[in-house]
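Read through the structure below, which is laid out as structure tokens, and then see the notes.
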Amino acid sequence: MIPTSQKWEGKSQFSDLQSLANHVILITGAAGSIGSEMVRQIAQFNPKHLILIDAAETPMHDIRLFMHSHYPEIQCDTIVSSITNGTHMEAIFEKNRPDYVFHAAAYKHVPMMEDNPSEAVQNNIYGTRIIADLAVKYGTKKFVMISTVKAVNPTNVMGCSKRICEIYCQSLNKAIVEGKVKGVTQFVTTRLANVLGSNGSVISIFREQIKNGGPVTVTHLDIIRSFMLIPEACKLVLEAGTMGIGGEIFIFDIGEPVRIADLANRMIKLSGAKDIEVKFTGLRNGEKLFEEVPNDAETTKPTDHKRIMEVSVRGYEYGEVSENVKRLYEVSMNYDDLETVRVMKEIVPEFKNR
């Protein structure tokens, strides 16, 4: 079945989402495809205060206008800044003491991060460490990290960077539970599949290529992907995040994968355009024919939500992880791509890039 981009009308199964009401909620990456939808959905639960952070000024301005227009009664701060700016992030946490953090900020485009591994480390990993550490320091109740299925047996820098983020958050949660780190924060991770309609997604690319008369470019005849609608993905993130008690990695039942070539041909047919060629360009660096959900060492178990499953993964000691992340960050500051990737492979041995 070819997915469509109509608005998802699913309803929450869990009253836990009401716990967002009257709380201070911080969202990173708030101007992105996922982050902005998180803003829209969370605003419906009447939070006491929203703190929205993103480095992209114009999309952030759009979110600012949306909140002023649709939710003028909610106190909302739209902050243009990078999550890697530790001084600014600490000032925000110290002033606002958020109860919940939804961490959606990340560089996500696989080919871009293949060419910029040091930036992937500094933004995705170091930025996550800054936000996670501040959440613990300032008593955040729950930290929900948005990860990706590309973190499973990663074949690209972006996926590996997100796997390291997962490891850091899980090890920090473990250290808190064991009393090795003083804190109350519960860290919950959610892994998303490909999101239809997100910035730079295949649907928007195909639509533009068809508009321009083609060709429509597909990397490989047999490449398949699983997709989610943006509202659907964010609803599941909220449900998983609120029901988690800390240390979990959640994945979602998203149905059967779609062959990208079939999707391209279907979009061409629906457009009514004639003589549009589908051109196969070859797999890009770091790209898989299909994306795994759990890796070989992982198992899944059901939850009370029929579309949310928990993945069991090996545990890591926070002290070792913290030192490895610090070392990786220091290496990345030399902008030696080969050395940066080498250290990433030390931390995530299953990282096998093509």
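Throughout the sequence shown, residue numbering follows the numbering used here, covering -8 to 345 in sequence. Positions of the beta carbon are idealized from the N, C-alpha and C atoms, including for glycine.
Proximity of residue 73 and residue 46 at Cβ, strictly below 8 Å: Locating residue 73 in the sequence shown gives position 82, counting from the first residue. Locating residue 46 in the sequence shown gives position 55, counting from the first residue. Cβ atoms of residue 73 and residue 46: closer than 8 Å.
Which residue wins for smallest C-alpha separation from residue 76, given the options 103, 65, 122, 107? If you number the sequence shown from 1, residue 76 lands on position 85. Comparing Cα positions, the closest option is 122.
Apart from the five residues on each side of it in sequence, which residues of its chain come closer than 7 Å, Cβ to Cβ, to residue -5? Sequence index remark: in the sequence shown, residue -5 carries index 4 (1-based). Because the pLDDT of residue -5 is 35, which lies under 50, any placement of that residue in the model is unreliable, and the number read from its coordinates should be weighed accordingly. Answer for residue -5: no residue qualifies.
Kindly give me the distance between the Cβ atoms of residue 178 and residue 238, rounded to whole angstroms, as I take these residues to be in contact under 8 Å. As a first step, residue 178 is located in the sequence shown; it is residue number 187 there, counting from the start. As a first step, residue 238 is located in the sequence shown; it is residue number 247 there, counting from the start. Indeed they touch by this definition, with Cβ atoms about 7 Å apart.
What beta strand (DSSP E) runs, 3 residues minimum, are completely inside the stretch 81 to 129? 91 to 94
Please go through the same chain and pick out, in chain order, the residues whose beta-carbon is closer than 8 Å to the beta-carbon of residue 335, but skip the five residues on each side of it. Start at 1 with the first residue of the sequence shown, and residue 335 comes out as number 344. Closer than 8 Å at the Cβ level, and outside the excluded window around residue 335, lie 108, 112, 148, 151, 152, 155, 319, 342.
CB-CB under 7 Å to residue 298, same chain, minus the five flanking residues each way: which ones, in chain order? Along the sequence shown, one-based indexing puts residue 298 at 307. Answer for residue 298: 227, 243, 244, listed in chain order.
Which residues share a DSSP beta bridge with residue 138? Sequence index remark: in the sequence shown, residue 138 carries index 147 (1-based). 182, per the DSSP bridge assignment.
Where do the ends of the beta strand (DSSP E) carrying residue 218 lie? Residue mapping note: residue 218 aligns to position 227 of the sequence shown, counting from 1. Start and end: 218 to 220.
CB-CB under 6 Å to residue 235, same chain, minus the five flanking residues each way: which ones, in chain order? Position 244 of the sequence shown, counted from the start, is the residue given in the question as residue 235. Around residue 235: 179.
Put residue 153 into one of helix, strand or coil per three-state DSSP. Here residue 153 refers to the residue found at position 162 when the sequence shown is read from its first residue. If DSSP states are grouped into helix, strand and coil, residue 153 belongs with the helices.
Suppose the cutoff is 7 Å on Cβ atoms and the five residues either side in sequence are ignored; what does the same chain contact list for residue 59 look like? Residue mapping note: residue 59 aligns to position 68 of the sequence shown, counting from 1. Excluding positions up to five away in sequence, the list is empty.
Please report the distance separating the alpha-carbon of residue 252 from that of residue 128. Position 261 of the sequence shown, counted from the start, is the residue given in the question as residue 252. Position 137 of the sequence shown, counted from the start, is the residue given in the question as residue 128. If I take the Cα positions, the gap works out to 48 Å.
Is the stretch 295 to 314 in contact with the stretch 83 to 103, if contact means three or more CB pairs nearer than 8 Å? no
Name the DSSP bridge partner or partners of residue 300? Translated into the one-based positions of the sequence shown, residue 300 becomes position 309. Looking at the DSSP assignment, residue 300 forms a beta bridge with 242, 293.
Could you check whether residue 225 and residue 32 sit closer than 8 Å to each other, using their CB atoms as the reference points? Residue 32 sits at position 41 when you count from the first residue of the sequence shown. Residue 225 sits at position 234 when you count from the first residue of the sequence shown. In this structure, residue 225 lies closer than 8 Å to residue 32 by Cβ.
Which same chain residues, not among the five before or five after residue 117, have their C-beta less than 7 Å away from its C-beta? The count along the sequence shown starts at 1 and reaches residue 117 at position 126. Taken in chain order, the residues that qualify are 75, 320.
Nearest to residue 99 (by Cα), restricted to the options 163, 131, 89, 23: Translated into positions along the sequence shown, residue 99 becomes position 108. Closest by alpha carbon: 23.
Whose CA, out of 80, 183, 344, lies closest to the CA of residue 364? Absent from the model: residue 364. The displayed extent of the chain is -8 to 345, so no value can be given.
Roughly how many whole angstroms lie between the Cα atoms of residue 313 and residue 115? One-based indexing of the sequence shown puts residue 313 at position 322. One-based indexing of the sequence shown puts residue 115 at position 124. Cα-Cα distance, rounded: 15 Å.
Compare the C-alpha of residue 103 against each of 292, 266, 276, 161 and name the closest. Working through the sequence shown from its first residue, we reach residue 103 at position 112. Among 292, 266, 276, 161, the Cα nearest to that of residue 103 belongs to 276.
Is residue 19 helix, strand or coil by DSSP? The count along the sequence shown starts at 1 and reaches residue 19 at position 28. Here residue 19 sits in strand by DSSP.
Can you look up residue 270 in the DSSP assignment and give me helix, strand or coil? For the purposes of this step, residue 270 is identified with residue 279 of the sequence shown, where counting begins at 1. The answer is strand: DSSP assigns residue 270 an E or B state.
In or out: residue 212 buried (at least 16 other Cβ within 10 Å) or exposed? In the sequence shown, residue 212 corresponds to position 221, counting from 1. Answer is exposed; the Cβ neighbour count stays below 16.
Following the continuous beta strand (DSSP E) through residue 210, name the residue where it begins and the one where it ends. Position 219 of the sequence shown, counted from the start, is the residue given in the question as residue 210. Careful: residue 210 lies outside any beta strand (DSSP E) and carries neither H nor E.
Is the Cβ of residue 250 closer than 8 Å to any Cβ of chain D? Chain labels in this structure do not include chain D; a single protein chain is all it has.
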